[in-house]
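Some notes on the structure that comes next.
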Amino acid sequence: MTHGSGFSVDVDAVAEAATGITQSVSDQRSFHLRDLCGDSGLYGHQGVHDALMDFCVRWSDGLDVLTDDADRIGETLTKVVAAYRGTDEATARTLGADPAQEVVDGG
């Protein structure tokens, strides 16, 4: 958990979200709705097959746009996590010792 002036960030939760989005994008990119229709003989009517194919192509195009957006969001969240963790590590290195140790030790 990272805290700032009036806010806090659960960096692990942001990292988990980034991982989930990245996995969803990967899963979607390996699935093509265009392949869902199958052969026109399955429908008994060319017009029905063509209508379903048109729907699948349009839906797939829309999913491609959403997938591209989600991919950028996942990449951005990954960069945010790296920035928070880098800042936390740099801040920890500037402290020579735990500033509360004396209080914990009873001093």
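So the sequence shown is numbered by this note's numbering: it starts at 44 and just counts up by one.
Don't be surprised by glycine CBs; every beta carbon is placed ideally from N, CA and C.
Quick caveat, the model's predicted, so the values are computed rather than measured.
Inter-residue spacing [alpha-carbon to alpha-carbon] between I116 and S67: 12 Å
Inter-residue spacing [alpha-carbon to alpha-carbon] between A56 and L120: 10 Å
Distance CB(H92)-CB(S83) smaller than 7 Å: yes
Cα-Cα separation between D104 and P142, rounded to whole angstroms: 56 Å
Straight-line gap, R101 to A60 (C-alpha atoms, nearest Å): Rounded to the nearest angstrom, the two C-alpha atoms are 28 Å apart.
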